[in-house]
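Just so you know, the numbering used here puts 447 at position 366 of the sequence shown, and the rest follows in order with no gaps.
We put the CB at the ideal spot given by N, CA and C, even for glycine.
Note that the coordinates shown come from a computational prediction; the quantities given were computed from them, not determined experimentally.
Read through the structure below, which is laid out as structure tokens, and then see the notes.
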Amino acid sequence: MATLHTKVGIIGAGPAGLLLSHLLHLEGIESIVIEVQTRQYVEERNRAGVLEQGTVDLLNASGVGERLRREGLIHHGIELRFNRQGHRIDMHELTGGRAITVYAQHEVVKDLVHARLRDGGQILFEASQVSIHDFEGDSPRIRFERHGEPSEVACDFIGGCDGFHGICRPSIPAGALRFYEKTYPFGWLGITAEAVPASHELIYSNHERGFALLSMRSPIITRAYLQCRPDEDLAAWPDERIWEELDRRFETCGGFRLNRGPVDQKGVTPMRSFVTEPMQYGRLFLAGDAAHIVPPTGAKGLNLAVADVRILARALSAWYGTGSEQLLKQYSDICLRRVWRAQHFSWWMTSMLHRFEGGDGFDHRRQLAELDQVTTLRAAAVTLAENYTGLPFDLPGETL
Ligand code: FAD
Ligand code: DHB
Numbered sequence: 082m083a084t085l086h087t088k089v090g091i092i093g094a095g096p097a098g099l100l101l102s103h104l105l106h107l108e109g110i111e112s113i114v115i116e117v118q119t120r121q122y123v124e125e126r127n128r129a130g131v132l133e134q135g136t137v138d139l140l141n142a143s144g145v146g147e148r149l150r151r152e153g154l155i156h157h158g159i160e161l162r163f164n165r166q167g168h169r170i171d172m173h174e175l176t177g178g179r180a181i182t183v184y185a186q187h188e189v190v191k192d193l194v195h196a197r198l199r200d201g202g203q204i205l206f207e208a209s210q211v212s213i214h215d216f217e218g219d220s221p222r223i224r225f226e227r228h229g230e231p232s233e234v235a236c237d238f239i240g241g242c243d244g245f246h247g248i249c250r251p252s253i254p255a256g257a258l259r260f261y262e263k264t265y266p267f268g269w270l271g272i273t274a275e276a277v278p279a280s281h282e283l284i285y286s287n288h289e290r291g292f293a294l295l296s297m298r299s300p301i302i303t304r305a306y307l308q309c310r311p312d313e314d315l316a317a318w319p320d321e322r323i324w325e326e327l328d329r330r331f332e333t334c335g336g337f338r339l340n341r342g343p344v345d346q347k348g349v350t351p352m353r354s355f356v357t358e359p360m361q362y363g364r365l366f367l368a369g370d371a372a373h374i375v376p377p378t379g380a381k382g383l384n385l386a387v388a389d390v391r392i393l394a395r396a397l398s399a400w401y402g403t404g405s406e407q408l409l410k411q412y413s414d415i416c417l418r419r420v421w422r423a424q425h426f427s428w429w430m431t432s433m434l435h436r437f438e439g440g441d442g443f444d445h446r447r448q449l450a451e452l453d454q455v456t457t458l459r460a461a462a463v464t465l466a467e468n469y470t471g472l473p474f475d476l477p478g479e480t481l
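Here you go:
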């Protein structure tokens, strides 16, 4: 069996794994990334679209922001729509100058893959039978097959960046971790279409028929989501039905209509909140969706993954630089504080905007009161804007 040696073995070439590898490289620390999918698959998988200010700043500062600066769409506000009326939340003004950038996750992935390969980094795509071993001790190992050949990576640490369905979290002995979970009785049906977005800013719409979100991927590509059943059958949703339902859920007194165009992609995502505590076991460190999932309403998942690996790269850099274990030991606590803040925000946005079945309409009335407050009381709007544009990387009381 071929054995490769490196300092940090990273499982997963999503945003978490690739950025970790890139940040470690900038610190002079070698890593190998192992990924089950093909390069094309990870570079085309359409998921998140909203980058917080801090995420953009980190990508820029680490030298992978060139295309993001050119093609990313900077948004200073969002619209909350309810009772057939739009209400703008001016995030820029409310936060003293912060903004979000609409730039697709798979574009971030493309930029990171490009940077890693340019800098001589190793990403082993199309690995199968990936398993991790001996991470309780000082010499962890990763085993996998590639092109039918068994291989092994011997390393000092493992970065478990393999997403929610990966193998890292389940490889930790039962009883060492605690899980917190909440599933929602709905999902999102998402489409990407060749149509000019009907609004320059994102619209989050609360409607009696269910939540809808209007977003974009470029000035000529619309991205939109509809609340649906978690197991919704896509076959029951021909394009025409999707456009009609979107028009209904975005309707305003002024007669708002979406621009229609060919639908390129369609998918259903169930929604859940999930947290693993701690995010570390021995020399295995979980980061991103491997450790936690948020419902997408707050646009936090990718941003949390970035925040995790920023801390992990620093902690590993301190260990290799000075031998100090302090930051590695604090890794989980530092990350979990932000994770729980994002869980709260994502849960709050989700419960304010989605339709909950059953009951006598109490929940809907309660949501309208909450939306009324957020769109008229400055303190409430500031809270939304601060959380949406992203909390500072160093939370109050922390300086790394
Ligand atoms: P992933 O992106 O899941 O990457 C994990 C990688 O590991 C994958 O490439 C996978 O193939 C690989 N892998 C899995 N198993 C193995 C294995 N055994 N061995 C090797 N490799 C393996 N977040 C936001 O911040 N903003 C948004 O606007 C937003 N919108 C979203 C909309 C939708 C519809 C969805 C589904 C998600 C959204 N998210 C959003 C969440 C965001 O996409 C995720 O949080 C993000 O992908 C997490 O990155 P990650 O690197 O941790 O995991
Ligand atoms: C997008 C996804 C989100 O979850 C969100 O809250 C906003 C935008 C998007 O894919 O564009």
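Beta-carbon separation (whole angstroms), residue i vs residue j, contact threshold 8 Å
i      : j      : result
Val387 : Leu100 : 6 Å
Gly352 : Pro376 : Residue identity check: residue 352 is Met in the sequence provided, not Gly. The pair is a contact, with the Cβ atoms about 4 Å apart (cut-off 8 Å).
Ala371 : Gly247 : 5 Å
Arg224 : Ser212 : 5 Å
Ile323 : Leu307 : 7 Å
Ile374 : Asp243 : Not really, about 13 Å apart at Cβ, beyond 8 Å.
Glu116 : Ala94  : 4 Å
Beta-bridge pairing of residue i - partner residues as DSSP gives them
i      : result
Met297 : Thr303
Arg353 : Thr264
Ser427 : Answer is none; Ser427 lacks a bridge partner.
Gln83  : Going by the sequence as given, residue 83 is Ala instead of Gln. Beta-bridge pairing links Ala83 to Ser232.
Ile92  : Ile115, Gly241
Ser280 : Partner(s): none; Ser280 has no beta bridge.
Tyr285 : Leu161, Leu294
Ala308 : In the sequence as presented, Ala is not what sits at residue 308; that position holds Gln. Paired residue(s): Trp269.
Leu132 : Thr182
Residue closest to residue i, alpha-carbon to alpha-carbon, out of the options
i      : options                        : result
Thr176 : Ala462, Gln448, Cys249         : Ala462
Ala466 : Leu367, Trp421, Ala380, Leu85  : Ala380
Arg148 : Gly93, Ile92, His195           : His195
Asp200 : Cys309, Glu111, Asp215         : Glu111
Phe292 : Ala279, Pro300, Leu270, Thr264 : Leu270
Arg290 : Glu326, Gly247, His281         : Glu326
Ala274 : Asp345, Phe366, Trp421         : Asp345
Ile272 : Pro251, Glu116, Glu282, Ser296 : Ser296
Met430 : Leu294, Leu139, Glu230         : Leu294
Phe474 : Ala399, Arg395, Ser427         : Arg395
Ile204 : His281, His373, Gln118, Phe238 : Gln118
Phe260 : Gly268, His156, Pro251, Phe267 : Pro251
Leu258 : Ile284, Glu358, Ser280         : Glu358
Pro311 : Glu282, Pro266, Ser299         : Pro266
Asp219 : Leu383, Asp237, Arg151, Asp328 : Asp237
His173 : Trp324, Asp453, Asp328, Glu282 : Glu282
Val114 : Val131, Glu108, Gly90          : Gly90
Ile301 : Leu107, Ala316, Ser280, Ile284 : Ser280
His86  : Phe206, Glu124, Ile239, Leu452 : Ile239
Gln424 : Arg446, Asn384, Ala460         : Asn384
Thr378 : Arg341, Gly336, Asn468         : Asn468
Ala276 : Asp453, Arg341, Val190         : Arg341
Pro231 : Leu107, Val137, Ile253, Glu207 : Glu207
Leu105 : Gly241, Ser398, Arg298, His214 : Ser398
Thr303 : Ile284, Thr403, Lys88, Leu139  : Ile284
Ala129 : Thr457, Arg298, Glu226         : Arg298
Pro221 : Lys88, Gln411, Leu458          : Lys88
Neighbourhood of residue i by C-beta, 6 Å cutoff - its chain only, sequence neighbours within 5 removed
i      : result
Asp171 : Gly158
Glu217 : Gly363
Val390 : Ala97, Leu100, Leu101, Ala368
Glu262 : Phe355
Gly167 : Glu160
Met360 : Leu367, Ala372, Ser413, Cys416
Phe437 : Asp444
Tyr401 : Ile110
Arg330 : Ser286, His288, Arg290, Ala293
Phe62  : Only positions 82 to 481 of the chain appear in this structure, which leaves residue 62 out of reach.
Own chain, CB closer than 7 Å to residue i, minus 5 neighbours either side, in chain order
i      : result
Asn127 : Ala185, His187, Thr273, Gln346
Glu313 : Gly268, Leu270, Val349
Thr470 : Glu133, Gln134, Met172, Thr176, Arg179, Ala180, Ile181
His103 : Ser143, Val145, Leu193, Ala196, Arg197
Leu393 : Leu101, Gly240, Phe366, Ala368, Tyr412
Cβ shell of residue i (< 8 Å), same chain only, five flanking positions each side left out
i      : result
Gln448 : Phe163, Asn287, Ser432, Met433, Leu434
Leu476 : Arg418, Arg419, Arg422
Thr333 : Arg162, Arg165, Gln166, Gly167
- For the segment 204-277, which segments carrying the beta strand (DSSP E) assignment without a break, of at least 3 residues, lie completely within its bounds, in sequence order? As far as the segment 204-277 is concerned, its whole beta strand (DSSP E) runs of at least 3 residues are 208-214, 222-227, 230-235, 238-241, 259-274.
- Task: Could you tell me which uninterrupted beta strand (DSSP E) segments, each at least 3 residues in length, are contained entirely in the segment 323-405, listed from first to last along the chain?
- Result: Within the segment 323-405, the complete beta strand (DSSP E) runs of at least 3 residues are 344-358, 365-367.
- Ranges of the beta strand (DSSP E) found wholly within the segment 152-185, counting only runs of at least 3: If only complete runs of 3 or more residues are kept, the segment 152-185 shows the beta strand (DSSP E) at 154-156, 158-163, 166-171, 181-183, in order along the chain.
- Identify every run of the alpha helix (DSSP H) within the segment 445-476, keeping only runs that are complete inside it and at least 4 residues long; order them along the chain. Fully enclosed alpha helix (DSSP H) runs of 4 or longer: 459-470.
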